[in-house]
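Under our numbering, the residue at position 143 of the sequence shown is numbered 188, and the numbers go up by one with no gaps. Using N, Cα and C, we set each Cβ at its ideal position, and we do this for glycine too. Please read these numbers as outputs of a predicted model, since none were measured by experiment.
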Amino acid sequence: MELSVWAFVFIVATIFVGALMQRIAGMGLGLLGGPVLSLVAGPVAGILIINVLASVNAIMQTISVRENVDWKKFWLIGPVMALGALPGAWVVHNTPSGPLQVLVGGLVLLALLVTSFMPQRMRVDGPQYAVASGVAGGFMNTLAGIAGPAITVYAQASRWPAQTFAATLQPLFFVSGALSLLFKEISGDVSVFATTPVILWPLCLVAMIVGIFLGTRVSRRVPIVQARKLAVILATTGAAVTMFRGISATFGA
C-alpha cells in the first residue's frame, strides 16, 4: 500500500480527532475515522487500520474499567461476533472498491440513525437478542469498523445499566477488532496488515494516545451533549462523502 505524505498526515490527524472525540463524546473511532480512512487509504486498508487501533485502545480502556465489566454478557456476545466477522471478511474481499465504500458509508449512516432515533419505549430481553447483537456487531465491525451501534441498540432495548454497558463495550471492541483483523488477513490473497507502511502504526498510536489524553482534559469543560452533536455531524459528513465517492466510482460519474 502506497501513501503520499499528505495521506499520512490526514490519517494521523483523523486518528487524533477520533480519539479526542471518543474520550469527550463517547463516539467510537470507527464512526468518525472509518469513513475518512476509507476515502484516504481505501475501504479495505482504511477499515483494517481502524480495527487494529480500536483493539489497542480497547485493551487500555478495559484495564481501567475492568471492575465494572459484565463478564456474563461479554461471554454471551463476544464469541458469536465471529459468526458475523467471517461473512463480513468475505464481503470485503469480494466487493469492488466503489460498492464497498457505499456499504461503509451506508452502514455508518444507518448506525447513526438507529442509535439516535430508536424508540425509547422499545423493550426486549433474552440471550437471543444479545447473541443477535453480537453477530451484527461482528459483521458491521469487519465491514465498516463499527461494532458499537448494534450492541447499543440491544443495550437500550434491554435497559442494560449504562455504567456496566460502557465498561463491557471495551473488551467487546477488542474481540471484534481482533476477529475482523484475523478473518480479513487469512481470507485475503495479500496481507493488508503486512503491506501497510510500518511507520504508520507508531504515528497513529501516538496520535491516539495524545487524543485520549487531551480529550480527558477537554471533557471536563465541554458539555457532553454539545460534544455528541459535533461528533454526529463529523461522522455523518464523513459517511455521506464516502457514500458519494463510492457511488461515483461505481457508476463512473
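The three-state secondary structure of residue 63, taken from DSSP, is helix. Apart from sequence neighbours up to five positions away, the residues of its chain that approach residue 57 with a beta-carbon distance below 7 Å are 248, 249 and 252, ordered along the chain. Looking only at 175, 206 and 237, the smallest Cα-Cα distance to residue 94 is reached by 237. Judged by DSSP in its simplified three-state form, residue 68 adopts helix. The straight-line gap separating the alpha-carbon atoms of residue 55 and residue 85 is approximately 8 Å. Note that the C-beta distance between residue 193 and residue 79 is not below 8 Å. Contact between residue 183 and residue 226 fails: their C-beta atoms lie close to 12 Å from each other, not under 8 Å. Just so you know, the alpha carbons of residue 210 and residue 203 end up roughly 11 Å apart. Closest in C-alpha terms to residue 291, from the list 67, 235 and 83, comes 83.
Of the residues assessed, residue 205 falls on the buried side of the cut-off, its CB having 16 or more other CB atoms within 10 angstroms. Secondary structure note for residue 150: its alpha helix (DSSP H) is the uninterrupted segment 142-162. Secondary structure within the segment 237-271: the alpha helix (DSSP H) runs of 4 or more consecutive residues, fully enclosed, are 237-240 and 245-263 (chain order).
If you compare the alpha carbons of 259, 88, 92 and 154 with that of residue 278, the shortest gap goes to 154.
Membership of residue 75 in the alpha helix (DSSP H) is indicated by the continuous run 74-86.
Residue 139 is classed as exposed because its beta carbon has fewer than 16 other beta carbons within 10 Å across all chains shown. Residue 183: member of the alpha helix (DSSP H) spanning 172-189, first to last residue. Contact between the segment 267-285 and the segment 110-128 is absent: fewer than 3 CB-CB pairs across the two stretches fall below 8 Å.
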